[in-house]
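Here is the structure we will look at.
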Amino acid sequence: MSDIFREVDDDLRRERLEKLWRQVGPYLLAGAVAVLAGTAAYVAWDQYRNRQAIERTSALIAATEKVSPAIEGGDPKEALAALAAVTPKLGGAPATLARLQEAGLKAASGDAAGAIAIYDQIAGSADNDPLFRDLAQILAVMQQVDTGNPAQLQSRISGLSKGPWRYSAQELSGLLYLRANDLAKAREIFQSLSVDPAAPQGIRARAADLAALYAEQK
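For what it's worth, this note's numbering labels the leading residue of the sequence shown as 592, then goes sequentially.
Structure, rendered in structure tokens:
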């Protein structure tokens with residue numbers, strides 16, 4: 592199932608997650624709001640928030656610089672330890688991104704349960720950006736697509752069919768229908784994805800292969 596994860600990169604380029612990672616966009620909107628508000632008190636408060644945003648972004652960059660060597664070194668335990676040391680210093684979107692990275696490291700090291708627990712925490716927190724919450728749902732289901740209850744997993748992604756991660760959700764839905772032996776529904780989903788020009792190339796290619804593979808099966 593490792594190919595499925597490549598779709599996340601496609602979706603990241605399509606949506607605003609990359610901007611959140613590099614710029615922490617929601618915080619930078621505060622300056623424009625302050626100008627419109629036109630009050631000294633609000634401007635002072637806004638400047639304080641901007642300083643916090645800059646500090647958080649700087650902390651995220653520093654955290655990445657510290658964690659990257661551990662990740663590149665191929666030692667998940669060392670990488671997780673590096674993340675644990677810097678994550679408490681972060682806040683907002685940077686903290687959520689660090690948690691997502693932590694979950695990815697746990698999954699890569701074979702700790703699927705630990706990864707799922709983190710994804711569930713992110714998905715269940717109203718404090719997180721909906722984009723991150725939906726991504727966490729997708730990643731949690733990916734971890735269980737081969738082992739979890741198909742019906743229960745379908746229910747987790749059913750609300751994502753029209754969101755920014757819709758193509759990931761649709762592909763996962765097709766795979767879950769295969770596990771449930773509903774080949775007709777799976778074929779329908781894969782056929783639709785394979786000809787959708789807006790779908791990421793990787794998903795279209797995989798969907799076309801799966802649609803062809805199960806075309807004659809009942």
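Here a beta-carbon is modelled for each residue, glycine too, at the ideal position from N, C-alpha and C. These numbers were taken from a predicted model, which means no experiment stands behind them.
{"query": "Environment of K668 [buried if 16+ CB atoms lie within 10 Å]", "result": "exposed"}
{"query": "Distance, A684 Cα to I707 Cα", "result": "19 Å"}
{"query": "Among A742, N772, M733, R778, the one whose alpha carbon lies nearest that of A760", "result": "M733"}
{"query": "Buried versus exposed call for V786 [16 or more other C-beta atoms within 10 Å across all chains shown]", "result": "exposed"}
{"query": "Runs of alpha helix (DSSP H) lying entirely within the region 736-794, each at least 4 residues, in chain order", "result": "741-748, 757-770, 774-785"}
{"query": "Straight-line gap, G695 to E807 (C-alpha atoms, nearest Å)", "result": "37 Å"}
{"query": "8 Å contact criterion, which F781 and G765 should meet: CB distance rounded", "result": "5 Å"}
{"query": "Cβ pair A789, A798 closer than 9 Å", "result": "no"}
{"query": "Buried versus exposed call for K697 [16 or more other C-beta atoms within 10 Å across all chains shown]", "result": "buried"}
{"query": "Chain-order list of residues whose beta-carbon lies under 8 Å from that of T687 (same chain, five-residue window excluded)", "result": "I713, N719, D720, F723"}
{"query": "Beta-carbon proximity of E693 to L674, cut-off 9 Å", "result": "yes"}
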